[in-house]
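I have placed the structure first, in the form of structure tokens, so that the comments after it can refer back to it.
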Amino acid sequence: MTEKPILKALAGQVSDIPPIWLMRQAGRYLPEYREVRKQAGSFVDLCLNPEMAAEVTLQPIRRFGMDGAILFSDILIVPYGLGQPLKFVEGRGPVLDPVKDRQALSRLDLAGLTKRVGNVYETVSRVREALPAETTLIGFSGSPWTVITYMVEGGSSKDYAATKQWAYSDPEGFQALIDIVVEGTITYLLGQAKAGAEVLKLFDSWAGVLSPRLFRMAVLEPTKRIVSAVKSAYPDLPVIGFPRAAGANYLDYIAETGVDAVAVDTAMPIRWAVENIQSKMPIQGNLDPIALLAGGAGLEQEVKSILDVAAAGPFIFNLGHGILPTTPIEHVEQLLRHVRGK
Ligand code: 1CP
Numbered sequence: 001m002t003e004k005p006i007l008k009a010l011a012g013q014v015s016d017i018p019p020i021w022l023m024r025q026a027g028r029y030l031p032e033y034r035e036v037r038k039q040a041g042s043f044v045d046l047c048l049n050p051e052m053a054a055e056v057t058l059q060p061i062r063r064f065g066m067d068g069a070i071l072f073s074d075i076l077i078v079p080y081g082l083g084q085p086l087k088f089v090e091g092r093g094p095v096l097d098p099v100k101d102r103q104a105l106s107r108l109d110l111a112g113l114t115k116r117v118g119n120v121y122e123t124v125s126r127v128r129e130a131l132p133a134e135t136t137l138i139g140f141s142g143s144p145w146t147v148i149t150y151m152v153e154g155g156s157s158k159d160y161a162a163t164k165q166w167a168y169s170d171p172e173g174f175q176a177l178i179d180i181v182v183e184g185t186i187t188y189l190l191g192q193a194k195a196g197a198e199v200l201k202l203f204d205s206w207a208g209v210l211s212p213r214l215f216r217m218a219v220l221e222p223t224k225r226i227v228s229a230v231k232s233a234y235p236d237l238p239v240i241g242f243p244r245a246a247g248a249n250y251l252d253y254i255a256e257t258g259v260d261a262v263a264v265d266t267a268m269p270i271r272w273a274v275e276n277i278q279s280k281m282p283i284q285g286n287l288d289p290i291a292l293l294a295g296g297a298g299l300e301q302e303v304k305s306i307l308d309v310a311a312a313g314p315f316i317f318n319l320g321h322g323i324l325p326t327t328p329i330e331h332v333e334q335l336l337r338h339v340r341g342k
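Going by full-length UniProt numbering, the first residue of the sequence shown is number 1, and it counts up by one from there.
Right, dumping it as structure tokens:
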């Protein structure tokens, strides 16, 4: 029987103190991260440098004793692995050479993925070796829909118009893009599993903007294929899905995709999540990252209202979205004291 609190929660066990980790727990709010970041060259260089990426993965474990370590990489490493030029521009975010139509698909090179991103697997094995016995190593990838928005728009987007237009006007071509990204994602996740990831998480940050038909095409079906491929190679490896802001679509997602647990976003009422999801599988979430930024009594109230409702069932405490770079470290400490009852 495992003694790792996150694996226990994912196996359906309830404990007095729920395990906790935070999305984007390695990052700019930590001075020790900014130090490594300065030495790394580009952000992509950092993601592909096993020594440095392992170091920043371990930083929040050393500082806070988080129950989970999330691999330091990015969801856009898969497009990079497919040969799509990628850079991160200070103040603007990711910039990619957009893949706009069916003709552009021939530029994507599935066969070259392992060679381009294999360093990430090396990071996974280094972290696994260095982690304390009670800490769970979480690997991840973006889900096809969210990754594809960046591939098609060429970066972050307000309305995903080019991506959705393509899906509506050329469904076969768009499906061919989904297929390539599904295959790349499977290869990438299996590489992480082989290297020692103990849990895999699928980030579908922009799952909340799709019509029911597109949700089926771009979220449910691809996720089902990825989970099924992971499970046929690693039947006991838990997969956490995060169809962020998908509202009532969470019900189809948990019924159909085969994930073992879901992360819930901040807008989802925790009581609804407990009644409709936690009765079927463990949940993770969903503190507002801005409440963590604010700290003080407001943070205490938000944390209490989540724990009171969700901690009686299988539960992992987390944020509802990534931690913000301006978050004071003392507020993270305050959160940990509260959740751990100290
Ligand atoms: O040095 C820096 O400050 C770069 C900022 C940064 C970091 C720390 C980016 C750029 N990515 C990351 C790491 C990262 N990204 C992790 C590492 C592990 C951890 O959680 O600590 C993870 C899991 C991600 C996942 C990720 N990247 C998502 C999904 C989760 C979410 O927050 O919604 C998304 C959408 C991205 C894309 C991305 N990466 C970085 C930027 C600026 C963006 C664009 C975000 C946007 O479009 O709003």
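Using N, Cα and C, we set each Cβ at its ideal position, and we do this for glycine too.
Discussion item. For ligand 2, is there any heavy atom lying closer than 7 Å to the beta carbon of S205?
Written reply: Inclusion of ligand 2 in the displayed structure is not the case, the ligand content consisting of ligand 1 alone.
Worksheet item: S141 by DSSP, collapsed to three states: which one?
Response: Residue 141 sits at position 141 when you count from the first residue of the sequence shown. Of the three classes helix, strand and coil, the one that applies to S141 here is strand, per DSSP.
Item to complete: Would you grab the beta carbon distance between L58 and A130 for me? Rounded to a whole angstrom, and I think it's under 8 Å.
Response: Residue mapping note: residue 58 aligns to position 58 of the sequence shown, counting from 1. Residue mapping note: residue 130 aligns to position 130 of the sequence shown, counting from 1. Yes, they are in contact, since the Cβ atoms of L58 and A130 sit about 6 Å apart, within 8 Å.
Worksheet item: If you follow the alpha helix (DSSP H) that A297 is part of, which residue opens it and which one closes it?
Response: Translated into positions along the sequence shown, residue 297 becomes position 297. Here the alpha helix (DSSP H) through A297 covers G296 to A310.
Worksheet item: What is the rounded straight-line gap between the Cα of K194 and the Cα of F315?
Response: Within the sequence shown, the letter at position 194 stands for residue 194. Within the sequence shown, the letter at position 315 stands for residue 315. Each residue's Cα considered, the two are about 26 Å apart.
Worksheet item: Does the beta carbon of M23 fall short of 7 Å from some heavy atom of ligand 1?
Response: On the sequence shown, position 23 is the one that residue 23 refers to. Under cutoff, so the answer is yes.
Worksheet item: Which word fits R126, buried or exposed, when buried means at least 16 other C-beta atoms lie within 10 angstroms of its C-beta?
Response: Position 126 of the sequence shown, counted from the first residue, corresponds to residue 126. Buried, since its Cβ has 16 or more Cβ neighbours within 10 Å.
Discussion item. Within 10 Å of its beta-carbon, does D260 have 16 or more other beta-carbons around it, so buried, or fewer, so exposed?
Written reply: What you label residue 260 is simply residue 260 of the sequence shown in a count that begins at 1. Classification of D260: buried, given that the 10 Å Cβ count is 16 or more.
Fill in: Where Q39 falls: helix, strand or coil (DSSP)
The residue labelled residue 39 in the question sits at position 39 within the sequence shown. Three-state result, Q39: helix.
Item to complete: List the endpoints of the continuous beta strand (DSSP E) containing G285.
Response: Locating residue 285 in the sequence shown gives position 285, where the first residue counts as 1. Start and end: I283 to L287.
Item to complete: Can you say whether K164 is buried or exposed, counting buried as having 16 or more other CB atoms within 10 angstroms of its CB?
Response: Translated into the one-based positions of the sequence shown, residue 164 becomes position 164. Label assigned to K164: buried.
Worksheet item: Just to confirm, does P289 get its C-beta within under 7 Å of one of the non-hydrogen atoms of ligand 1?
Response: For the purposes of this step, residue 289 is identified with residue 289 of the sequence shown, where counting begins at 1. Because no heavy atom of ligand 1 lies under 7 Å away, the Cβ of P289 does not count as near it: no.
Discussion item. Would you call the stretch 185 to 204 in contact with the stretch 139 to 150, where contact means no fewer than 3 C-beta pairs closer than 8 Å?
Written reply: With a cut-off of 8 Å, the stretch 139 to 150 and the stretch 185 to 204 count as touching, because enough Cβ pairs lie within range.
Worksheet item: Run through DSSP, which three-state label would V262 get?
Response: As a position in the sequence shown, residue 262 is number 262, starting the count at 1. V262 falls in the strand class under three-state DSSP.
Practice prompt. Let me know if Q192 comes out buried or exposed under the rule of 16 or more other beta-carbons within 10 Å of its beta-carbon.
Written response: What you label residue 192 is simply residue 192 of the sequence shown in a count that begins at 1. With 16 or more other Cβ atoms within 10 Å, it is buried.
Worksheet item: Should the stretch 9 to 25 be regarded as contacting the stretch 34 to 49, the criterion being three or more beta carbon pairs within less than 8 Å?
Response: Touching, no, given that fewer than three Cβ pairs across the two stretches are closer than 8 Å.
Fill in: Cα-Cα separation, I17 to E300
Within the sequence shown, the letter at position 17 stands for residue 17. Within the sequence shown, the letter at position 300 stands for residue 300. Roughly 16 Å separates the two Cα atoms.
Practice prompt. Put residue 344 into one of helix, strand or coil per three-state DSSP.
Written response: The question about residue 344 has no answer, for the chain in this structure spans 1 to 342.
Worksheet item: Between R63 and ligand 1, is the CB less than 7 Å from at least one heavy atom?
Response: One-based indexing of the sequence shown puts residue 63 at position 63. No, the beta carbon of R63 sits no closer than 7 Å to any heavy atom of ligand 1.
Practice prompt. Measure the CB-CB distance between K224 and T257 and report whether it falls below 8 Å.
Written response: Sequence index remark: in the sequence shown, residue 224 carries index 224 (1-based). Sequence index remark: in the sequence shown, residue 257 carries index 257 (1-based). Yes, these two residues count as a Cβ contact at 8 Å.
Fill in: Cβ-Cβ separation, R102 to D170 (assumed contact under 8 Å), whole Å
Here residue 170 is taken as the residue at index 170 of the sequence shown, counted from 1. Here residue 102 is taken as the residue at index 102 of the sequence shown, counted from 1. With a Cβ gap of about 6 Å, D170 and R102 count as contacting.
Fill in: Cα-Cα separation, residue 343 to T187
A question about residue 343 goes unanswered here, because the residues of the chain that appear run from 1 up to 342.
Worksheet item: Do N318 and W21 have their C-beta atoms closer together than 8 Å?
Response: The residue you call residue 318 lines up with position 318 of the sequence shown. The residue you call residue 21 lines up with position 21 of the sequence shown. For N318 and W21, yes; Cβs fall inside 8 Å.
Worksheet item: How about the stretch 238 to 255 and the stretch 273 to 282: do they share at least three Cβ pairs that are nearer than 8 Å?
Response: yes
Discussion item. Between which two residues does the alpha helix (DSSP H) holding N249 run?
Written reply: Within the sequence shown, numbered from 1, the residue matching residue 249 stands at position 249. Element bounds for N249: N249 to E256.
Worksheet item: Of the residues V262, G298, H331 and V339, which one's Cα is nearest the Cα of residue 364?
Response: One cannot answer for residue 364 here, as it falls past the ends of the chain, which runs 1 to 342.
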